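Visitor: Numbering (my numbering), first residue to last: 749 to 826. No residue lacks a Cβ here, since even glycine has one placed at the ideal position from N, Cα and C. Computed from a predicted structure; not experimentally measured. Take a look at this one; I'll ask things after.
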Amino acid sequence: MMEFNFGGYLRRQNLTTLELIRQVRGRGAPSTIYGLARRPIHKLDLEIIGRLLQGLSRLEGRKVILTDLLEPRPTDHP
């Protein structure tokens, strides 16, 4: 299984939620962005995700794609 780990991605890239909020400038509610960074995501809003990917791409100076934000979900089974 895979999960969308937005907060983990920000940490691995040494980015802050506030930096991303500034990049999306009014095209994503700060509370939504903070919420996405704090907890696992079970339902994706593709419009918001697209805006966040654009903001991340500007911050990193490279194209960030959805699969960059996916990681294996820990399981209880080996």
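Within the same chain, show all residues whose beta-carbon is closer than 8 Å to that of Met750, passing over the 5 residues directly before and after it, in chain order.
Guide: The answer, listed in chain order, is Leu818, Glu819, Pro820 and Arg821.
Visitor: Quick one: what's got a C-beta closer than 6 Å to Lys811's C-beta in the same chain, skipping five residues either side?
Guide: Result list for Lys811: Ser805, in chain order.
Visitor: In its own chain, which residues sit with a C-beta less than 7 Å from the C-beta of Ile769, not counting the 5 before and 5 after it?
Guide: These residues qualify, in order along the chain: Pro778 and Ile781.
Visitor: Which one of Arg773, Asn753, Ile789 and Ala785 has the shortest CA to CA distance from Thr765?
Guide: When only C-alpha atoms are compared, the closest one is Ala785.
Visitor: Since Met750 sits in a beta bridge, which residues does DSSP pair it with?
Guide: Answer is Pro820, bridged to Met750.
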